[in-house]
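Have a look at the structure below, then the notes.
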Amino acid sequence: MQDDDIRARISALVEDEHDLRQRLQSGEISTDEEHARLRQVEEQLDQCWDLLRQRRARVEAGQNPDEAAARPVGEVEGYLQ
């Protein structure tokens, strides 16, 4: 996955996030449905941002950014800020 592909995926996930919030406000989905789906979207966003950071770090280190890979949700979500 190239940087532009990752950024496009991030944009699509942000649109999903906005759509979920609108659907909740209009009564199309329940709060529980919105929360469950938002959690999934947020996890995927975190994975995408992590992958972009990995790619940038590889470039800065003179390594091939294409060797970066998405890490499991549990690993990405477990990072300390």
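Residue numbering for the sequence shown follows the numbering used here, starting at 1426 and increasing by one per position.
Don't be surprised by glycine CBs; every beta carbon is placed ideally from N, CA and C.
Check: Boundaries of the alpha helix (DSSP H) in which Ile1435 is found, first to last residue; Outcome: 1428-1450
Check: Where Ala1493 falls, given that 16 or more other Cβ within 10 Å makes a residue buried; Outcome: buried
Check: heavy atom of the ligand FMN below 7 Å from Asp1441 C-beta; Outcome: By its list of ligands, the structure shown contains no ligand whatsoever, and the ligand FMN lies outside what it can speak to.
Check: Cβ-based burial, Gln1472 [other Cβ within 10 Å; buried from 16]; Outcome: buried
Check: Leu1477 and Ile1431 closer than 8 Å at C-beta; Outcome: yes
Check: 7 Å Cβ shell around Pro1490 - same chain, five flanking residues per side excluded; Outcome: Arg1480, Arg1483, Val1484
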